[in-house]
Amino acid sequence: MDIADPNPFGALPGTAVGVTLLEAQALSMRYKVAGGGMLHAVDSVDLTIGSGECVGLVGESGCGKSTLVRLLARLADPTSGRILLDGQDIAAVSQARFAGMPQRARIQVVFQDPSESLNPAFRVFQSIADPLRRLLGLKDQTKLIERVRRAAELVGLPPELIERYPHQLSGGQRARVGIARAIAPEPSLLILDEPTSALDVSVQAVILRLLADLQARLGMSYLFVSHDLNVVRLLCSRIVVMYLGRVVEMAPAEALFTGARHPYTQALLGAIPDPAKRGEIRSRLDGSPRSPIDPDPNACRFHGRCPKGTERCATEMPRLTPAGQGHVVACHFA
Amino acid sequence: MRATTLTRNIGHAFGENRLTLVAVAILLLLLLCAAFGTVLAPYNPLMTDGTAKLVAPCMAHPFGTDALGRDILSRVVVAARLDLGMAISAVVLSFAGGLALGSAAGYFGGWTDRVIGRVMDTIMAFPLFVLAMGIVAALGNSVLNIVIATMIINLPFYCRFARGEVNVRREMGYIEAARMGGNRALQVLTNHIVPNILPPMMVQASLNMGWAILNAAGLSFIGLGVRPPTPEWGIMVSEGASNIISGEWWTFVFPGAALVLAVFCFNLLGDGLRDLLDPRRRI
Chain A
4 MDIADPNPFG ALPGTAVGVT LLEAQALSMR YKVAGGGMLH AVDSVDLTIG
54 SGECVGLVGE SGCGKSTLVR LLARLADPTS GRILLDGQDI AAVSQARFAG
104 MPQRARIQVV FQDPSESLNP AFRVFQSIAD PLRRLLGLKD QTKLIERVRR
154 AAELVGLPPE LIERYPHQLS GGQRARVGIA RAIAPEPSLL ILDEPTSALD
204 VSVQAVILRL LADLQARLGM SYLFVSHDLN VVRLLCSRIV VMYLGRVVEM
254 APAEALFTGA RHPYTQALLG AIPDPAKRGE IRSRLDGSPR SPIDPDPNAC
304 RFHGRCPKGT ERCATEMPRL TPAGQGHVVA CHFA
Chain B
28 MRATTLTRNI GHAFGENRLT LVAVAILLLL LLCAAFGTVL APYNPLMTDG
78 TAKLVAPCMA HPFGTDALGR DILSRVVVAA RLDLGMAISA VVLSFAGGLA
128 LGSAAGYFGG WTDRVIGRVM DTIMAFPLFV LAMGIVAALG NSVLNIVIAT
178 MIINLPFYCR FARGEVNVRR EMGYIEAARM GGNRALQVLT NHIVPNILPP
228 MMVQASLNMG WAILNAAGLS FIGLGVRPPT PEWGIMVSEG ASNIISGEWW
278 TFVFPGAALV LAVFCFNLLG DGLRDLLDPR RRI
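Chains as they are written, first to last, in the working numbering: chain A, 4 to 337; chain B, 28 to 310.
Spelled out as structure tokens, the structure:
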């Protein structure tokens with residue numbers, strides 16, 4: 004546990020330094036699938052996001068990142084668990100009720116595909132103004148125009164584009180509209196669900212710089228979801244690694260990059276192309292993840308694919324345990 | 028700003044599709060007849076003239092006269108109000124009803140969807156024209172009941188169309204974004220989904236209008252609803268049909284042509300309307 008932690012006793016492993024903004028406790032999401040099994044999309048995840056902190060969430064496709072995002076953003080109801088926003092449980096009400104609550108404005112999402120997340124029948128102005136009307140009850144037209152203009156300015160969207168339809172914008176411009184819409188209500192937590200994955204590489208860099216700049220200026224907390232570790236490293240101070248619905252490792256960004264403990268994280272880091280390491284043998288993963296349907300509660304989810312796995316991993320699920328300096332890891336051999 | 032954009036869009040839509048202009052011209056002509064038919068008609072459409080029975084088209088009677096000596100041009104012009112009125116009110120009613128029921132079914136799913144779906148299937152299970160005949164026969168012979176019957180047989184098409192269109196949009200990213208933006212379920216549906224399904228629905232309505240006109244006229248043709256001597260295209264064709272063998276073609280050709288023109292006009296209008304209403308094609 005970090006010595007600088009102001010609350011070292013009551014805190015969960017991996018607690019952020021500073022004031023906690025959002026805290027997920029034993030958050031789970033299970034779906035019934037055809038054939039009678041239960042798909043464990045998110046399995047008792049504990050996660051804290053500090054005020055003004057930027058947390059990265061990484062994992063391969065299908066590991067439950069997007070489901071976790073939808074749960075934390077209160078766009079889906081969890082099967083069990085709590086989500087505390089400033090100490091208040093916001094998962095106690097259904098997501099349909101939550102849409103009408105004042106806290107709705109405090110958590111906003113920048114969606115993965117900017118083209119699909121903008122209403123084709125809405126002009127840019129309407130897309131940004133609608134949440135302001137609904138969430139903040141802003142009715143006054145001149146104030147509304149002012150807020151929309153300011154949000155557009157923050158994300159670097161030229162004012163002449165405000166009266167355009169989404170189909171008249173480029174991919175990068177649409178991404179900016181999506182960001183403007185999310186930050187306009189001044190949320191405390193901005194969840195970025197792979198915000199650059201649908202963009203060209205050249206535009207990606209510009210949008211990432213914009214996001215870093217916005218965080219510095221507005222002081223929001225970020226939860227940055229990505230499958231690209233390099234992107235996360237640029238922005239985030241702490242990184243959470245997920246595998247098959249569970250958190251397997253959580254650490255400050257630099258600690259994770261220099262001293263990853265979990266074999267899965269090590270494999271992820273090994274997969275990053277690095278010209279300096281050409282010719283070196285990397286830890287590489289074979290096969291695909293186990294089925295998320297009715298997983299064995301007593302086996303490590305990574306067992307079978309793990310280079311270090313032993314019989315113990317098949318019979319005992321490793322718990323998340325502190326490994327010093329805010330680093331927690333769920334592996335028997337870490 | 029908004030007004031100029033609208034005129035630009037109208038110009039754009041017409042410029043791309045010249046046939047739409049033709050359709051609009053025909054529509055204006057029909058609407059003119061519907062609004063001022065009694066003033067425009069050269070004769071009283073109900074006035075019989077024993078000395079001028081079955082007169083072939085000439086200067087005095089451009090469309091000729093029928094077996095009772097009534098001027099066919101006047102009757103065709105005056106009938107526009109009744110025929111268009113029945114069809115438009117039926118289409119407006121089934122459009123509104125179908126949009127409401129279909130989008131509720133598509134958005135809420137579950138038992139709402141099942142109940143509405145089965146009711147529509149029940150309507151569709153009948154031969155629709157026979158169903159309309161049955162409804163008019165059961166409710167009584169009146170113009171209102173023709174409208175109701177036409178509305179009911181049109182309802183499933185709008186309902187299914189709206190359901191399908193809502194269903195594909197329900198899971199779109201912008202719907203999730205709308206919920207995140209504080210919209211409640213009903214607001215998501217009315218403010219975020221419906222604006223997107225209106226353009227295809229309008230096209231459907233315009234194409235459907237021709238069918239509704241034929242339906243209303245068809246019911247009158249077989250003697251349900253509107254009664255003689257009321258000028259109505261369906262009745263006129265029906266009355267003129269007895270003259271087919273004796274060769275007085277003008278008695279049924281002109282009212283029939285009016286029907287064809289109206290149906291044609293609304294079908295053409297459908298395409299133009301789609302260009303005008305689809306935001307993706309706006310400039």
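All residues carry an ideal CB built from backbone N, CA and C; glycine is no exception.
Interface annotation, N194/B: not in contact with chain A, CB-CB separation never under 9 Å. No Cβ-Cβ contact shorter than 9 Å links P325/A with L42/A. If you look at I143/B, you'll find it in the alpha helix (DSSP H) that goes 137 to 151. Under the three-state reduction of DSSP, L78/A is assigned to coil, being neither helix nor strand.
Residues are counted here when their Cβ sits less than 8 Å from a Cβ of chain A; for the region 264 to 278 of chain B the count is zero. Spatial neighbours of C186/B in its own chain (CB-CB distance under 6 Å, excluding positions within 5 residues in sequence) are listed in chain order as G125, L128, G129, M147.
Boundaries of the beta strand (DSSP E) harbouring M32/A: 23 to 35, taken from the DSSP string.
When C-alpha distances from D289/A are compared across F305/A, Q28/A, A279/A, the shortest belongs to F305/A.
Residue state for Q111/A is assigned as strand, using DSSP reduced to three classes.
Closer than 9 Å to the CB of M207/B there is at least one CB belonging to chain A. Between L300/B and R152/A, the alpha-carbon positions lie close to 33 Å from each other. Close to M199/B, with beta-carbon spacing below 7 Å, are these residues of chain A in chain order: E119. For I262/B, the secondary structure class from DSSP, reduced to helix, strand or coil, is helix.
Nearest CB-CB separation between A204/B and chain A: below the 9 Å threshold. Within chain B, the residues whose beta carbon sits less than 8 Å from that of G103/A are G209, R211, listed in sequence order. Here E252/A is bridged, per DSSP, to V244/A, V332/A. From the listed residues L286/B, P72/B, N294/B, V215/B, the smallest Cα separation to S247/B is found for L286/B. Bounds of the alpha helix (DSSP H) holding A244/B are 221 to 248. Rounded to the nearest whole angstrom, the C-alpha separation of E319/A and C303/A is 7 Å. Contact note: P222/B reaches chain A through A124, using a C-beta cutoff of 7 Å and chain order.
Assignment of F305/A by DSSP, reduced to helix, strand and coil, places it in the coil class. Residue contact check for H219/B against chain A: a CB pair falls below 9 Å. For P325/A, the three-state secondary structure derived from DSSP is strand.
Looking at the backbone, the Cα of P161/A and that of L50/A are separated by about 37 Å. Rounded to the nearest angstrom, the Cβ distance from V61/A to H230/A is 6 Å, consistent with a contact under 8 Å. The continuous beta strand (DSSP E) containing L192/A extends over residues 192 to 196. Any Cβ of chain B closer than 9 Å to the Cβ of Q111/A would place that residue at the interface, and such an atom is present.
Put simply, the backbone Cα of S69/A is about 12 Å away from that of Y246/A. Counting only Cβ-Cβ distances below 8 Å, F114/A has contacts in chain B at G200, E203, A204, in chain order. Taken through DSSP and simplified to helix, strand or coil, G53/A comes out as strand. Between L202/A and chain B, the shortest Cβ-Cβ separation is not below 9 Å. Here DSSP, grouped into helix, strand and coil, assigns D98/B to strand. Membership of F125/A in any beta strand (DSSP E) is not indicated, and neither H nor E is assigned to it by DSSP. Interface criterion met: the Cβ of Q214/B is under 9 Å from a Cβ in chain A. Beta-bridge pairing by DSSP links F291/B to no other residue. Cβ-Cβ distances below 7 Å link E63/A to H230 in the same chain, with the five nearest sequence neighbours on each side left out; the list follows chain order.
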